[in-house]
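Please read the structure below before turning to the comments.
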Amino acid sequence: MKLLYLPVLFLILCTPKLYAQDNQLLLAKQYAANGEQQKALDIYAKLFKQDNQAYYQQYFNALIGFKKLEDAESIIKKMIRKYPGSNEYVIALSSIYTQQGNPTKAEELFNDMLKNLPADRNAISNFAIQFYQTGNADYAIKVFKQGRKLLHDDNAFAFELIAMYRFKRDKFGLTDEYLNFLPGNPAYLPQAESNLATLYEDTEDYDMLRVELLKRIQKEPQQLVFTQMLTWQFLQQKQYDMALNQTLALSRRTNDDGSNVMELCRTLVANQAYDEAIRGYQFLVEKNDKNNPNYVPAKIELINTKNLKITAGRYTPADLTGLEKDYNDLLNEFGKNAGTVFAMQKLANLQAFKLHKLPEAQALLEQTIKIAGSRPAQLAACKIDLADVYLLNKQPWEATLLYSQVEKDNPNTPIAQDAMLRNAKLAYYTGDFNWSRRQLDVLKSATTQLIANDALNLSLLITDNLNADSAAKALKIYARADLQIFAEQPAKALQTLDSISTLYPGNTLEADVLMAKARIKIQEKDFNGAVLLLKDIAEKHSYDLWADDAVFMLGDIYETQLKDTNLAKTYFQKIITDYPGSLWINDARKRFRELRGDKVS
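Quick look at the structure:
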């Protein structure tokens, strides 16, 4: 029975001692926090004498923190004598030598340890990690490389070395390690591209990667991962033509199904490299293998990309007629059915707004909305397009009926609000301002910000100018110009806008005319011309209803079109400071932060 009491008696005797030591540690930390270094060190030294191993780390850290490097060196040497088989203390000593400005001694210690490195993966890894933890990533890398030799495995510790090179921001080391690693692990290519993109800073970095890749491709032409990475490098440099050439060459060489070409073309479209994407899609279509899973998608995306090119304003008249033929060829090949409604809709829009073939567009859309099996949202979109064509074709009654039908069939949805806004605009175009304004006032609280903003601006435009001119003669001419802008008839619209000041001098539409002309410039992709007009609004009409729109549009144009980040930030910040009640405030704040480099969720 007495033996059972011995552990309890030992615990009772030791507890006050342990409690006292804990109090001493807390006191030492308090002294250190108060800047009383010597008092703190005296306590740590006392505890270290009582138990070297238990209090070594606290004492050592305190000495390093207070720059007492000689004292730190002394206690480490004591621990090395006491525990000669432990590398932990030798590594700490080499760190002290480095801090003392004596790299030769540190290197000697390191080389001695490296000579005795065992051919054991875990031991090597633990040894390297200890160096890394003491702030010496260079030695950790050397340990891993020596470990590869001892293990006769050139791929050993690849992940560890990748992590070390990323930590050190060693661009060449990381590049070389990935190029050694990827041939056996091609699934890690996206990770490699992401990590390198984070580390690379300029053209020189990507040029270095290209040189290294070309060397590897020459030595190992069978390694497709190098060719894939070279394509990525060209994309980062915005050398889209070269990226496509690489991918097409690889597809021909491997005689694959073209999936890589398809994926690249999507990336090219996202970067607005439409000509290169068109060339890639044509390559897939010209294979003319209708059993290939990429044949039909490529044919569709080829036409869609041509459409995007035209929408972006980078086209010739021949592009328009060529695209019309492509759509008709597609419909002749696959028929007019639920699967090709999208093509019928886009063809009709091309005919109505670009080719100005209103009868053909109307007939095609009337046929489209009768096709069974269309998705409800797609059917609603086609009906809205048809109503737009009715409006342009001077059939406002049919247009308003169709807008109202879409609104009724899709209650409490964005497409219903869009139909309602278009109906309100129809009334505005035709001079029924009071009815239009009542509809617009309802839409001010629309869930879609763009619709709410459009409704608010148009409502204020009508209100301001009806109050200024009870007959609204100038406003009717302005509304006609607005309709001509919508119909993409810029020359007619400009002529109409210029007539307002001639017929009604001193009217209140000066800022509105400037905004309308700016919209025409944007439609024609004359962004510098648009900037001049928008600046005129921002500077001379800073209290007008278009002022905040003009400032936000300036920020958007400078960011997305003219690529002037500093000016874009200036205008987005102006929204924040000068127009805090603007509907653009949240967008402006977000885009300002993104341009400044903040992380925006």
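Numbering (mature numbering (1 follows the signal peptide of the UniProt record, and there is no 0)), first residue to last: -20 to -1, 1 to 581. For glycine and all other residues, C-beta sits at the position ideal for the given N, C-alpha and C.
Would you mind reading off the limits of the alpha helix (DSSP H) that contains Phe307?
The sequence shown places Tyr at residue 307, not Phe. It spans Pro297 to Phe314 - the alpha helix (DSSP H) in which Tyr307 sits, taken as one unbroken run.
For Ala473 and Phe413, which I take to be in contact (beta-carbon distance under 8 Å), what is that distance rounded to the nearest angstrom?
In fact, because the Cβ distance is near 20 Å, the residues do not count as touching under 8 Å.
Compare the beta carbon distance of Val249 and Ala257 with 7 Å and say whether it is the shorter of the two.
yes
If you follow the alpha helix (DSSP H) that Asp478 is in, where does it begin and where does it stop?
Pro470 to Leu483
Taking contact to mean 3 or more Cβ pairs, one atom from each stretch, closer than 8 Å, check whether the segment 87 to 103 and the segment 119 to 130 are in contact.
yes
Rounded to whole angstroms, what's the CA-CA distance from Met533 to Leu514? Just pull it up for me.
The alpha-carbon atoms of Met533 and Leu514 are separated by roughly 8 Å.
What does the alpha-carbon distance come out to for the pair Lys456 and Ala471?
18 Å
Are the CB atoms of Ile431 and Gln397 nearer to each other than 7 Å?
Their beta carbons are under 7 Å apart, which means Ile431 touches Gln397 by this criterion.
Would you please state the rounded distance, in angstroms, between the beta carbons of Ser479 and Asp528? I believe it to be under 8 Å.
With a Cβ gap of about 28 Å, Ser479 and Asp528 do not count as contacting.
Can you check the segment 77 to 105 for any alpha helix (DSSP H) of at least 4 residues that lies completely inside it and give the ranges in chain order?
83 to 95
Nearest to Phe466 (by Cα), restricted to the options Ile500, Gln203, Ala172 and Pro83:
Ile500
Beta carbon of Leu494, beta carbon of Asp516: below 7 Å?
yes
Is Gln208 buried or exposed, if buried means 16 or more other CB atoms sit within 10 Å of its CB?
buried
Own chain partners of Ile502 with C-beta closer than 7 Å, once the 5 adjacent residues on each side are dropped:
Taking C-beta separations shorter than 7 Å and ignoring five residues to either side along the sequence, the partners of Ile502 in its chain run Ala510, following chain order.
Close beta carbons around Phe161, own chain, < 6 Å, minus the five adjacent residues each side
Ala138
Taking all protein chains shown into account, decide if Leu6 is buried (16 or more other Cβ within 10 angstroms of its Cβ) or exposed.
exposed
Given a cut-off of 7 Å, decide if Ala459 and Tyr409 are closer than it, judged by their beta-carbon atoms.
yes
On a CA-only basis, which of Ala143, Gln553 and Gly45 is nearest Ala117? Give me that one, please.
Ala143
Cα-Cα separation, Lys62 to Ala72:
Distance between the alpha carbons of Lys62 and Ala72: 15 Å.
So, does the segment 327 to 344 touch the segment 431 to 440, judging by three or more C-beta pairs under 8 Å?
no
Closer than 6 Å by C-beta to Glu468: which residues in its own chain qualify, once you throw out the five before and the five after it? Chain order, please.
Phe333
Just to confirm before moving on: does the CB-CB distance between Ala223 and Leu215 stay below 7 Å?
yes
Is the beta carbon of Lys326 sitting closer than 7 Å to the one on Asn287?
Their beta carbons are under 7 Å apart, which means Lys326 touches Asn287 by this criterion.
Does the distance from the CB of Leu189 to the CB of Thr234 come in under 7 Å?
Inclusion of Leu189 and Thr234 in the CB contact set at 7 Å is not warranted, their separation being larger than that value.
What residue range does the alpha helix (DSSP H) around Tyr168 cover?
Tyr168 -> no alpha helix (DSSP H), and no H or E assigned at all.
Mapping the DSSP letters down to three states, classify Asn272 as helix, strand or coil.
coil
Less than 7 Å separating the beta-carbons of Ser75 and Thr114?
yes
DSSP on Phe147, reduced to helix/strand/coil?
In the three-state DSSP reduction, Phe147 falls in the helix class (H, G or I).
Specify the secondary structure class of Phe137 as computed by DSSP and reduced to three states.
Here Phe137 sits in coil by DSSP.
With DSSP as the reference, label Lys424 as helix, strand or coil.
coil
State the Cα-Cα distance for the pair Leu351 and Ala496, rounded to the nearest angstrom.
Just to set this straight, residue 351 is Ile in the shown sequence, not Leu. In a straight line, the C-alpha of Ile351 is about 38 Å away from that of Ala496.
Neighbourhood of Arg576 by C-beta distance below 8 Å, restricted to the same chain and skipping five residues each side:
Lys549
Identify, in the order they occur along the chain, each residue of the same chain with its Cβ nearer than 8 Å to the Cβ of Asp309, setting aside the five sequence neighbours on each side.
none
Starting from Arg576, trace the alpha helix (DSSP H) both ways and give me its first and last residue.
Ile565 to Arg576
From Glu378 to Leu372, what does the alpha carbon distance come to, in whole angstroms?
11 Å
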